[in-house]
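J.: Protein chains in written order, with the UniProt record's numbering: chain A, 1 to 87; chain B, 1 to 264; chain C, 1 to 134. One structure, as structure tokens, below. Some questions next.
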Amino acid sequence: MIDPQLLVLGLAALSSLFSVIAVYLAIIEKDLVKAVVFSAIQSGLYALLYYILMAPDIVLVYIPVAIGLYPAIILILISKTEKVEKD
Amino acid sequence: MRREFALLSIILFVVSVSLLVSIIAHYIYIPGINIRPLAHIYLNTTYNLVNRNFTANSPEAVTAIVWDYRGLDTVFETTVFYLAIIGSIALGRGLFKFSKSSGETGLSIIVKSVSRITTPMIVTVAVSIALHGHLTPGGGFQGGSTAAVAPLIIIIAFSQYFLIERGISKDLMLVIRSLGLLMIGIVAITAYFIGVFTKTPAFVLQNQAKTVSPVSLPAYLGGQLISGTLWFFNLAEFFAVLAGFTIVILLLVIPERAFKSDVK
Amino acid sequence: MINPVTYFLSLILTALIVNLGLSLYGVFFRPSLIKKIIALTIFSDTANTFAILIGFRRWVDNQPSIPPVIVGDYTSEIIQKEFIKRSVDPLPQALVLTAIVIGLAVTLFLVFLTLQIYRTYGTLDIREIRRLRG
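Have a look at this one:
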């Protein structure tokens, strides 16, 4: 019915479009905790993009590092220093 | 209102510029139909029973490239990671003694019970990813960083004193990391020393036999495929990466009152 | 007139370039040091995605492209020939693996330096630090 290559690549294009939204919201946001959460959402969408581009080794590195360890380390850093970015 | 307007304009910009790019790219394929000749060589020789002198004996091409074809890159990458950890240990010197503040520490009892169940499962999946790195996608670094989520959950849900009272301190993790790196170094020069003792030419980081040197580490052990040095490299890298991340997390959660009389 | 496959691939490419530009704006023009670290990690991840996009391969005769792993009976010749005709490039993935680890090491070091700056100057705003140094 519909070409399966179009469906798969359409999903990749949709996820990269949503990642643009997530990056913009992460850079503009002044509350640093919300910015870290937006950055983790962007990493999740990138992991979906790597899966469709047929790179399973990179997916297995990227998910624990960029969704688990980076936001945890930066959240510990935020709790020790300031929480809101000034104007 | 300004924010939504800016978002909408960025999305429209992306969609329209890509339309323009695709009209121009009608004559050049950005990802092509054929792959490069170098990729042909890698894919052809990663498990080749016909040409025994130029194969890596591992059905997983990416792990074979990381630890066999371009093994020297990985050795230097491990060195760079080690330098970052040494730098952060040096910034944590000269602390004052800090003791546990009284009272209940950690999060609520629901979080504690759930982390008691999920933490062994995380470590099991991580070991499986690391040890099957030469057969399926995975490997040492993937398994090590997945397993490093377990100490993170324990330190956040319980407290760091839960780990320190049971003996898992920064010094023990430093010893484990050094042992892992030592095992990587020994496995890398094994083939060379076998060549020295039997008076045949051999290379550093050699895995299977090549045309100029017949030294080869066994690819099958008791009927199972272990691909020579690849299994040992994955095991050592798992322990090294797990210990390295645990050191960093333990150094970050030291409370601020241990640094207080240190400044000015 | 335009191939939809080419349109989707160029959409991915343009979205990644816009990500690159936004994260560079975040590194240069946002005053907090933590925001700079977040934008720097987004920048390095986008650069790695470019490298993986180069190794991709289109479908040929409605046969999907497969990742660079031999599955099934890996000793048979027929499966090997199919594997070479359909697999994607394994070399960019190996190089990106190294690049992710090195980016992680640099970010860890930057986090510790930021903690030390906070203990010395008491603030993380880059304009105040520039004022306090004089």
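Backbone N, C-alpha and C fix where the C-beta goes; we use that ideal spot for every residue, glycine too. Here the structure is a predicted model, which means the values were calculated and not measured.
#1: If I measure Cβ to Cβ from V27 (chain C) and keep anything under 8 Å in the same chain, skipping five residues before and after, which residues do I get?
#2: At 9 Å on the CB atoms, spell out the chain B contacts of Q116 (chain C), in chain order.
#3: Just the chain A side, please: which residues come within less than 7 Å of N19 (chain C) by C-beta, in chain order?
#4: Within 8 Å of any Cβ in chain A, is that where the Cβ of F56 (chain C) sits?
#5: To the nearest angstrom, how far is it from the Cα of K264 (chain B) to the Cα of L182 (chain B)?
#6: Verify whether the separation of the beta carbon atoms of F238 (chain B) and A130 (chain B) is less than 8 Å.
#7: Taking all protein chains shown into account, decide if G55 (chain C) is buried (16 or more other Cβ within 10 angstroms of its Cβ) or exposed.
#8: Taking contact to mean at least 3 C-beta pairs separated by less than 8 Å, is the stretch 14–27 of chain B in contact with the stretch 47–64 of chain C?
#9: What residues in its chain sit with their C-beta under 7 Å from that of I63 (chain A), if we drop five residues either side in the sequence?
#10: Can a CB atom of chain A be found closer than 8 Å to the CB of S32 (chain C)?
#11: One question on the structure: do L9 (chain C) and T46 (chain C) come within less than 8 Å of each other, judged by their Cβ atoms?
#12: Quick one, which residues of the UniProt domain "MrpA C-terminal/MbhD" (18–82) of chain A are near chain B if we go by CB-CB under 7 Å, in chain order?
#13: Cα-Cα, which of B:R257, B:W231, B:P120 is closest to Y220 (chain B)?
#14: I'd like to know whether the C-beta atoms of G195 (chain B) and S213 (chain B) end up nearer to each other than 8 Å.
#15: What did DSSP end up calling S108 (chain B) once you bin it into helix, strand or coil?
#16: What number of angstroms, rounded off, separates the C-alpha of G92 (chain B) from the C-alpha of I247 (chain B)?
#17: Ordered along the chain, which non-local residues of its own chain (more than five positions away) have a Cβ less than 8 Å from that of residue 145 (chain C)?
#18: Thinking C-alpha only, which one of B:P218, B:D171, B:Q160, B:R166 is nearest V187 (chain B)?
#19: Report the CB separation of V101 (chain C) from A61 (chain B) in whole angstroms; it is logged as a contact under 8 Å.
#20: Quick one: Cα of G106 (chain B) to Cα of S159 (chain B), how far?
#21: With DSSP as the reference, label D125 (chain C) as helix, strand or coil.
#22: Under 8 Å between C-beta atoms, does S88 (chain B) make it to chain C?
#23: For T49 (chain C), tell me which candidate among C:L13, C:E82, C:R57 has the shortest Cα-Cα distance.
#24: Interface residues of chain C around L7 (chain A) at Cβ under 8 Å?
#25: At a Cβ threshold of 8 Å, is R257 (chain B) touching chain A?
#26: Check the Cβ of S87 (chain C) against every Cβ in chain B and list those closer than 7 Å, keeping chain order.
#27: Identify the contact partners of V75 (chain B) in chain C, using a Cβ-Cβ distance below 8 Å as the criterion.
#28: Spatial neighbours of F233 (chain B) within its chain, please: C-beta separation below 7 Å, excluding the five flanking residues on both sides.
#29: If we define contact as Cβ-Cβ less than 8 Å, is T246 (chain B) a contact residue for chain C?
#30: Would you decide whether Q208 (chain B) is buried or exposed? Buried here means 16 or more other CB atoms lie within 10 Å of its CB.
#31: Is L45 (chain A) near S19 (chain A), with beta carbons less than 8 Å apart?
#32: Decide yes or no for the touch test of the stretch 106–121 of chain B against the stretch 35–44 of chain B: beta carbon pairs closer than 8 Å, at least 3 of them.
#33: Indicate whether at least one CB of chain C lies closer than 8 Å to the CB of E237 (chain B).
#34: What first and last residue would you give for the alpha helix (DSSP H) that runs through T190 (chain B)?
T.: Well, looking at it:
#1: These residues qualify, in order along the chain: K36, A39, L40, F43.
#2: Contact annotation for Q116 (chain C) against chain B: L91 [CB-CB distance below 9 Å, chain order].
#3: Under the 7 Å cutoff, chain A gives S19, V20, V23.
#4: Judged by the 8 Å Cβ criterion, F56 (chain C) is in contact with chain A.
#5: Residue placement at K264 (chain B) is poorly supported in this model, since its pLDDT is 46, which falls under 50; the coordinates still yield a value, given next. A direct Cα-Cα distance of roughly 40 Å separates K264 (chain B) from L182 (chain B).
#6: F238 (chain B) is a Cβ neighbour of A130 (chain B), given a cutoff of 8 Å.
#7: Buried, because 16 or more other Cβ atoms sit within 10 Å of the Cβ of G55 (chain C).
#8: Not touching, per the Cβ criterion.
#9: Excluding sequence neighbours, I63 (chain A) sits near A47.
#10: True, the Cβ-Cβ gap to chain A drops below 8 Å.
#11: Contact flag unset, no.
#12: Among the residues of the UniProt domain "MrpA C-terminal/MbhD" (18–82) of chain A, those with a Cβ less than 7 Å away from any Cβ of chain B are V20, I21, Y24, I28, P56, D57, L60, V61, P64, V65, G68, L69, A72, I73, I76, K80, in the order of the chain.
#13: For the residues B:R257, B:W231, B:P120, the minimum Cα distance to Y220 (chain B) belongs to B:W231.
#14: Note that the C-beta distance between G195 (chain B) and S213 (chain B) is below 8 Å.
#15: Coil at S108 (chain B), not helix or strand.
#16: Cα to Cα, the separation comes out at about 11 Å.
#17: Residue 145 (chain C) is absent from the structure shown; chain C starts at 1 and stops at 134.
#18: Checked all of B:P218, B:D171, B:Q160, B:R166; the closest Cα to V187 (chain B) is B:P218.
#19: The Cβ separation is near 19 Å, so there is no contact.
#20: Computed Cα separation, rounded: 5 Å.
#21: Here D125 (chain C) sits in strand by DSSP.
#22: Yes, because at least one Cβ of chain C sits closer than 8 Å to the Cβ of S88 (chain B).
#23: Among C:L13, C:E82, C:R57, the Cα nearest to that of T49 (chain C) belongs to C:L13.
#24: Within 8 Å Cβ-Cβ: nothing; L7 (chain A) doesn't reach chain C, min ~10 Å.
#25: No, R257 (chain B) does not count as interfacial toward chain A.
#26: Neighbourhood of S87 (chain C) in chain B, by CB distance below 7 Å: L43, in chain order.
#27: One finds nothing in chain C with a Cβ atom closer than 8 Å to the Cβ of V75 (chain B); even the nearest lies about 11 Å away.
#28: Result list for F233 (chain B): W67, G140, I184, V187, in chain order.
#29: No Cβ of chain C is located within less than 8 Å of the beta carbon of T246 (chain B).
#30: Buried.
#31: Going by C-beta atoms, L45 (chain A) is nearer than 8 Å to S19 (chain A).
#32: Contact annotation: the stretch 106–121 of chain B does not touch the stretch 35–44 of chain B, with fewer than three C-beta pairs closer than 8 Å.
#33: No, E237 (chain B) lies away from the interface with chain C (no Cβ there is under 8 Å from its Cβ).
#34: Here the alpha helix (DSSP H) through T190 (chain B) covers 190–198.
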